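To keep things clear, I will list the structure first and then write my remarks on it.
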Amino acid sequence: MILCVDPAASARERTTDALAAAGFDVAGAGSLSAARDALDEHAVECVVTEHDFGDGTGLELAATVRDRHPDAACVLFTETPLDDVDTDAFGSVVAEYVRKEDGDRGELVDVVEHALAFRSQTAYPLPDDEAARVAALEQYAADPAELGASLDRLTELATALFDADAAAVGVIDAHTEEFLSCHGVSFDPMDREDTVCTYAILDEDVTVVEDVQADPRFEGNEGLAAADIRFYASAPLVTPDGAAIGTFCVYDDEPREFGDRDRELLSLLGDEAMEQLSLRRRVRDAGGAGDD
Amino acid sequence: MTDAYEFEGLPLGSIRPGTTVLVVGPSHAGTRHLSFRMLSGPPDEGSILVSTNQRAGRIADDWARSGFRLDEDRAAILDCVGDDDQSVPAQVLPVSGPSDLTGIGMRYSDVYRTFRESGVDRVRTGLFSVSTLLSFGDLKTVSRFVHTLVGRIDAVDGVGVFSIDPGMHDDQTVSTITQFCSARIDVRETESGQELRTRGIPDQPREWQSFDVQTE
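Keeping their order, the protein sequence lines are chains A and B.
This note's numbering applies: residue 103 is where the first sequence begins, and numbers increase by one.
This note's numbering applies: residue 2 is where the second sequence begins, and numbers increase by one.
The structure is reproduced here in structure tokens:
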């Protein structure tokens, strides 16, 4: 959903109409507090905001968006001249800027369309086949309860095999990583920009991060520190069509090495977990066909 | 689709509009010269250069020495250092500093718009350098900025030339920044001169090739 925030009702309506005409699902808000409520209620993928709200600014709102929906595209669409926008205090927010002139919404629609199609405001690189990858994941989406104990057995085996603290199987959708099985650790869904797996699915081989704290990609990552993760290794879960939809990972609370044989074994576990997901999909597909 | 971008005088084939190239090399004359040359197109193209660590006056001098004729109608410098020098033959736009990535991105969008309104549709964009941004901000924030700017350049069918000094960063950092760009050129200095090697540019040899550093 696109959230369009503008204190002037007529201008807001013109913007929401233009974006809706371009095929987007759009909601409007006339104040910063209404916008913050909407951020809590909806899966917002883009925020188009004016700058001056009297009790705050569009960049303050963008900072809130980065906190709640980090991948969302932020576009400052404003009549305020750039010289009057204090960007310095919000230097790490990063947002697009489109000057609002008269009734023209063409440039704004172009910027929003591109930012959403290419998801160009994420803080992490995307796989080349990202759209196909997310579509493939939907076909394999499995209810963790439905998977029963099959993945749990694999993560328990992995923990013992590698003498590691924990192991997990995670799948990565457009914005979050969700865990189908955890052993020795418990993860809620995590923002994609905060997970090591986000980077691991870019590599077709096993990924090893011997010391997570020494890796600049995870500097200041509170989630990893809170889970006491210092070592990470994972094998990608790759569909028969080549889409990496998730990972089979092992973790430890100390930096360590991971030899060639370990990599081979982890890769086998990843293949086995993917096989389980494929089998569930086939069973589901067969059941669906029988119902017709 | 507009025509590909050409790089006269360099051992580089044409580059598809929408491409951003990461130039990876030590911050000596060779890397800078190559980056300036790539940013300097024919008279009907504009150029926007984000200068993170050098004043507009100094960077305009270096750019001119690489053979580019600066002109306010088609050259803009986003100056993160601060320079009131009115004699620079380019639009000079102030940004509060290299940690203000939001400000750099918004100034960029604004100046691109002025170019387009004056009929300059083809624009080359330089970012010299990502290394400075990384010394003022964390990798995650700089990644988001680089991704957004690469996306903007793609959206307007421009071409981007971003530079990074691999000696200042670990491999993970350079690799992550590379993943946002669609092409990469490595630069090295040998006893016989400067050499470059490309990745992600069609119809280019995969071996090291020498290039000339000539200043006017």
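The C-beta atom is built at its ideal place from N, Cα and C for all residues, glycine as well.
Computed from a prediction, not measured in an experiment: that's the story for all the values here.
If you run the structure through DSSP and keep just helix, strand and coil, what is S164/B? Secondary structure of S164/B (DSSP, three-state): strand.
Does the distance from the C-beta atom of L163/A to that of L121/A stay below 8 Å? No, the pair does not count as a contact, with Cβ atoms beyond the cut-off.
Looking at chain B, which residues of the segment 175–201 of chain A have a Cβ within less than 8 Å of any of its Cβ atoms? Of all residues in the segment 175–201 of chain A, those with a C-beta nearer than 8 Å to a C-beta of chain B are L178, L184, V187, T189, D190, F192, G193, S194, V195, V196, A197, E198, Y199, V200 and R201, reading in chain order.
According to DSSP, R294/A sits in a beta bridge with which residue or residues? R294/A is not bridged to any residue.
Roughly how many angstroms separate the alpha carbons of V340/A and A61/B, rounded to a whole number? Using only the alpha carbons, I get a separation of about 50 Å.
If the cut is a Cβ gap below 7 Å, which residues of chain A does G152/B touch? Chain A residues near G152/B: H216, A217, F220 and S222.
Pairs of beta-carbons, one from the segment 35–48 of chain B and one from the segment 4–22 of chain B, closer than 8 Å: are there three or more? Yes, the segment 35–48 of chain B touches the segment 4–22 of chain B.
Mapping the DSSP letters down to three states, classify H277/A as helix, strand or coil. H277/A: coil per DSSP, three-state reduction.
Residues bridged to R198/B (per DSSP): R198/B is bridged to D187/B.
Ignore the nearest five residues each way along the sequence and tell me which others in I165/B's own chain have a CB closer than 7 Å to its CB. Exclusion of the five residues before and after I165/B leaves L23, V25, S130, V131, S132, V175 and I178 as the residues of its chain whose Cβ lies within less than 7 Å of its Cβ.
Check the C-beta distance from A140/A over to L178/A and give it rounded, since I have them as a contact under 8 Å. Going by Cβ atoms, the distance from A140/A to L178/A rounds to 17 Å, so no, they are not a contact pair.
When you compare the CB positions of I331/A and T300/A, do they come within less than 8 Å of one another, or not? In this structure, T300/A does not lie closer than 8 Å to I331/A by Cβ.
For chain A, check one thing: does any of its Cβ atoms lie closer than 8 Å to the Cβ of L140/B? Yes, contact with chain A.
Where do the ends of the alpha helix (DSSP H) carrying F146/B lie? For F146/B, the uninterrupted alpha helix (DSSP H) segment begins and ends at L140 to A156.
Range of the contiguous alpha helix (DSSP H) that encloses A253/B: No information on residue 253/B is available, as it lies outside the stretch 2 to 217 that chain B covers here.
Could you check what DSSP says for Y6/B in three-state terms: helix, strand or coil? Reduced to three states, the DSSP call for Y6/B is strand.
Taking any Cβ of chain A, which residues in the segment 101–129 of chain B have a Cβ under 9 Å from it, in chain order? Cβ contacts with chain A come from D101, L102, T103, G104, I105, G106, M107, R108, Y109, S110, D111 and R114.
Just the chain A side, please: which residues come within less than 7 Å of T174/B by C-beta, in chain order? Here the neighbours are P318.
Same chain only: Cβ atoms within 6 Å of P18/B, ignoring 5 sequence neighbours per side: Cβ within range, chain order: T3 and D158.
Inspect the beta-carbon positions of V143/B and S36/B and report whether they are closer than 8 Å. No.
Is the CB-CB distance between R294/A and D169/A below 8 Å? Their beta carbons are not under 8 Å apart, which means R294/A does not touch D169/A by this criterion.
Determine whether the Cβ of D171/B lies closer than 8 Å to any Cβ atom of chain A. By this cut-off, D171/B is an interface position.
Leaving out the 5 sequence neighbours to the left and right, which residues in its chain are closer than 7 Å to E280/A when beta-carbon positions are compared? Within the same chain, Cβ atoms closer than 7 Å to the Cβ of E280/A are found at G272, V273 and P291, the five residues on either side in sequence being excluded.
6 Å CB neighbourhood of H277/A in its chain, flanking five on each side removed: Cβ contact annotation for H277/A (same chain, cutoff 6 Å, sequence separation greater than five): D173 and R294, in chain order.
Count the other CB atoms, across all protein chains shown, that sit within 10 Å of the CB of P222/B; report buried if there are 16 or more and exposed otherwise. Outside the shown range of chain B, which is 2 to 217, sits residue 222/B, and nothing can be said about it.
Reduced DSSP category for R382/A - H, G, I as helix; E, B as strand; rest coil: The answer is helix: DSSP assigns R382/A an H, G or I state.
Would you give the residue range spanned by the beta strand (DSSP E) that V236/A belongs to? Looking at the DSSP string, V236/A is not in any beta strand (DSSP E); the run it does join, the alpha helix (DSSP H), is E232 to Y242.
Could you tell me whether any Cβ in chain A is nearer than 8 Å to the Cβ of L197/B? For L197/B, the nearest beta carbon of chain A is not closer than 8 Å to its own beta carbon.
Give me the DSSP bridge partner(s) of R125/B. The partner list for R125/B (beta bridge, DSSP) reads S48/B and V160/B.
DSSP three-state assignment for G348/A, whether helix, strand or coil: Correct three-state label for G348/A: strand.
Determine the DSSP secondary structure at S252/A, reduced to helix, strand or coil. S252/A falls in the helix class under three-state DSSP.
At what residues does the beta strand (DSSP E) containing E198/A begin and finish? E198 to R201 is the span of the beta strand (DSSP E), which, as asked, contains E198/A.
DSSP bridge partner residues for D210/B (one or two, in chain order): It should be noted that the sequence gives Gln, not Asp, for residue 210/B. L197/B, per the DSSP bridge assignment.
Looking at chain A, is there any beta carbon in it that lies within less than 8 Å of the beta carbon of R189/B? Output row for R189/B: interface = no.
Status (buried if at least 16 other CB within 10 Å, exposed otherwise) for S211/B: Looking at its Cβ environment, which holds fewer than 16 other Cβ atoms inside 10 Å, S211/B is exposed.
Is there a C-beta anywhere in chain B that falls below 8 Å from the one on E312/A? Answer no: the Cβ-Cβ gap between E312/A and chain B never drops below 8 Å.
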